[in-house]
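Read the structure below first, then the notes.
Protein chains in written order, with my numbering: chain A, 1 to 48; chain B, 1001 to 1311.
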């Protein structure tokens, strides 16, 4: 890919191309990890 | 710039003689809609900054044919977000364990949030123009790629995102102090959740439909909210340090306690020389920063524009 193929701050295009390379399963696993961290933080916040 | 001035002010004020101390009024809690709004804006702004940073690093890996390293970038960025949540949990835990020193810790945390705000915001604002970003990203990532280790690349990604996360954690802790005396403290987590949903929606709009975010206006508006929060944190933080007996307290007689129906304490304004002086420094640092930014632009003859493709 040439440097001009991508507008470096066109976030939509950057993320579309980037996430295509990591694969859906991997992405799902990382998203689940993030969600788990978020839920745990809320448990701590509202916990005793 | 602002941070050394603020820290110098805090040190000077801490050395004031205790004989001038007197009691300031009790802090008023933040109004529920304001608390919700502040909480919503902070996560939206900081999350979007992180999105921009990771996007810029992704773009660099793509144009340099390092697509295989994208997993490392995204994984370490995610770990940085988790570490930020962990930092906030640790701060919460430390505060709950040290009830005796609560006022002191609240004061230190609030002032730390202000210092980090000035440092991180200056860092982001200074790179708001595309060319500066390119140089920064290239400098950091090319070194990491040359070393060839995933850890080198991961640590660059981690630190870039964690510095946003640290600021966010400190800001939520600062807001949590005033939320505790608010009529509806639940507005803090509700605002956070709404902000996360808005951030996810924004990402989908950008990702699916290629929506362009007006970055400059977004940063100006949310930046104004953050500086307002820094102003209130300075007041609340110093007030807590005064309560802890660490900072002197010189009360001003006949100082108004409210601005119309709005109690001044909700803005972090307390009628003491120390608080007002520190807040004057914050305002001065803000004005100085704005003038300096404009002066550099004029000197360099740079066009007044937001980063390309997003504005």
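The beta carbon of each residue, even a glycine, is placed where N, CA and C say it ideally should be. Predicted model, so just to flag it, every value in this text is computed and none were measured.
When the five nearest sequence neighbours on each side are left out, the beta carbons in the same chain lying within less than 7 Å of the beta carbon of residue 1194 of chain B are those of 1040, in order along the chain.
For secondary structure counted as the alpha helix (DSSP H) over 4 or more consecutive residues, the segment 1141 to 1197 of chain B holds these complete runs in sequence order: 1150 to 1180. Contacts with chain A at 8 Å (Cβ-Cβ) do not include residue 1094 of chain B. Below 8 Å, enough C-beta pairs join the segment 1077 to 1094 of chain B and the segment 1157 to 1164 of chain B to call them touching: three or more. Annotated as proximal: residue 1167 of chain B and residue 1046 of chain B, with beta-carbon spacing under 8 Å. From the beta-carbon of residue 1081 of chain B, the residues of chain A found nearer than 8 Å are 34, 37. Identification of residues in the segment 1163 to 1184 of chain B having a C-beta nearer than 7 Å to some C-beta of chain A yields an empty set.
Three or more pairs of CB atoms, one per stretch, sit closer than 8 Å, so the segment 1204 to 1223 of chain B contacts the segment 8 to 18 of chain A.
Taking a beta-carbon distance threshold of 8 Å, residue 25 of chain A does not count as an interface residue toward chain B. Rounded to the nearest angstrom, the Cβ distance from residue 1205 of chain B to residue 18 of chain A is 17 Å, too far for a contact under 8 Å. With a contact defined as Cβ atoms closer than 8 Å, residue 1088 of chain B and residue 41 of chain A qualify at about 7 Å. In this structure, residue 1285 of chain B sits near residue 1118 of chain B, with a CB-CB distance shorter than 8 Å. Of all residues in the segment 1243 to 1272 of chain B, none comes within less than 9 Å of chain A when Cβ atoms are compared. Between residue 1238 of chain B and residue 1107 of chain B, the C-beta gap is smaller than 8 Å, which places the two residues in contact.
A straight-line Cα-Cα distance of about 37 Å links residue 1227 of chain B and residue 29 of chain A. Straight through space, the alpha carbons of residue 1192 of chain B and residue 22 of chain A are spaced by roughly 29 Å. Counting along the chain, residue 1243 of chain B sits inside the alpha helix (DSSP H) bounded by residues 1215 to 1243. Secondary structure at residue 1266 of chain B: helix, using DSSP grouped into helix, strand and coil.
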